[in-house]
Amino acid sequence: MREQTPHQKIALVTGANKGIGRAAAEQLTSLGMTVLIGARDPQRGEEAAASIRAAGGDAHAVTLDVTDPTTVEGVARHVEERFGHLDVLINNAGITGSGQVSPEDAHDQVPSTVDLDMVRAVFETNVFGVITVTNAMLPLLRRSPVPRIVNVSSHAASLTIFSDPNGPMATLLPSAAYSPSKTALTALTVQYANELRKDGILVNAAAPGFVDTESNNHSGFLTTEQGAAILVHLAIVSADGPTAGFFSEEGPVPW
Ligand code: NAP
1 MREQTPHQKI
11 ALVTGANKGI
21 GRAAAEQLTS
31 LGMTVLIGAR
41 DPQRGEEAAA
51 SIRAAGGDAH
61 AVTLDVTDPT
71 TVEGVARHVE
81 ERFGHLDVLI
91 NNAGITGSGQ
101 VSPEDAHDQV
111 PSTVDLDMVR
121 AVFETNVFGV
131 ITVTNAMLPL
141 LRRSPVPRIV
151 NVSSHAASLT
161 IFSDPNGPMA
171 TLLPSAAYSP
181 SKTALTALTV
191 QYANELRKDG
201 ILVNAAAPGF
211 VDTESNNHSG
221 FLTTEQGAAI
231 LVHLAIVSAD
241 GPTAGFFSEE
251 GPVPW
């Protein structure tokens, strides 16, 4: 009788060398998955992977810059040759465009004076990079019995929240770059979900909350572990779970 090898779940997290992506990678390994740490800097990626391995997790660094299709194709080839399939893709890599300035201080994002090159750079990473990575990984995801895609968006993507002059974001400076890029990402999430629903690939957007990371100069109040929780929940959602949704740990986020 031929022995059945149990299906080993493989996950790829982009921008996983630090912050929320790294915490998500740690949590996925603790669930027994093999996790590929996508990092644009090979050394930073290897350091993160080695520290997860030292804690008992199965993590491997892959060099991946979401704005560089050559690296993305290289990762797809590597996954194909080494594992033959991919179960979870977390599109986490993202930039604010304002360095480590927290959102309320990002004067350089104010629409009437914004530098269009900065807007382009933010969209290149936060939106176009997600298309590049997702399309390269889809053939591998199609070979999974439980394929899941999680796009890391933000409450800053919510048009409902931002258009309320008395809402919780009303005190933030207006943004022509980061916030619209995350709105585009949630819109893209719905379009991918609609295309892939018939194939059983569930695609959702996650809002981690305001998390203490370098991206906001550590002004966030949630830990990276807390911020990563919704990414992990959506990465392992059951077959009858949601697709085309936008969720935080508290539940659905208004579009
Ligand atoms: P972070 O600590 O700055 O981490 C961002 C990660 O993305 C880093 O690993 C960074 O790599 C990587 N990255 C940036 N550009 C990349 C590229 N072109 N290719 C590959 N990787 C790239 O920030 P974070 O707060 O954890 O952010 C993670 C995600 O959560 C982002 O999408 C962010 O927009 C989102 N988010 C964060 C918050 C928050 O409060 N922190 C709230 C809502 C949403 P390097 O180390 O090489 O720079």
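Quick note on numbering: the numbering used here labels position 233 of the sequence shown as 233, and the sequence is numbered without any gaps. Glycine included, C-beta positions come from ideal geometry on N, C-alpha and C.
Asked, Found
"Can THR14 and GLY38 be called in contact, C-beta distance under 7 Å?", "yes"
"Quick check: VAL62 and VAL72, are their CB atoms within less than 7 Å of each other?", "no"
"What residues are listed by DSSP as bridge partners for VAL211?", "LEU222"
"With DSSP as the reference, identify every bridge partner of VAL35, one or two as the case may be.", "ALA11, ALA59"
"Helix, strand or coil for SER238? Go by DSSP, reduced to three states.", "coil"
"Over the uninterrupted alpha helix (DSSP H) stretch that includes PHE247, give me the two end residues.", "Element bounds for PHE247: not the alpha helix (DSSP H) but the beta strand (DSSP E), 246-248."
"Apply the 10 Å Cβ neighbour rule to ARG82 and answer buried if 16 or more other Cβ atoms are within range, or exposed otherwise.", "exposed"
"Tell me where the beta strand (DSSP E) around ALA206 begins and ends.", "202-206"
"In whole angstroms, what separates the C-alpha of HIS85 from that of THR67?", "23 Å"
"Starting from the C-beta of ILE161, find all residues in its chain whose C-beta is less than 7 Å away, skip the five residues before and the five after it, and write them out in chain order.", "HIS155, GLY167, PRO168, MET169, PRO254"
"What's the C-alpha gap between PRO42 and GLY99?", "21 Å"
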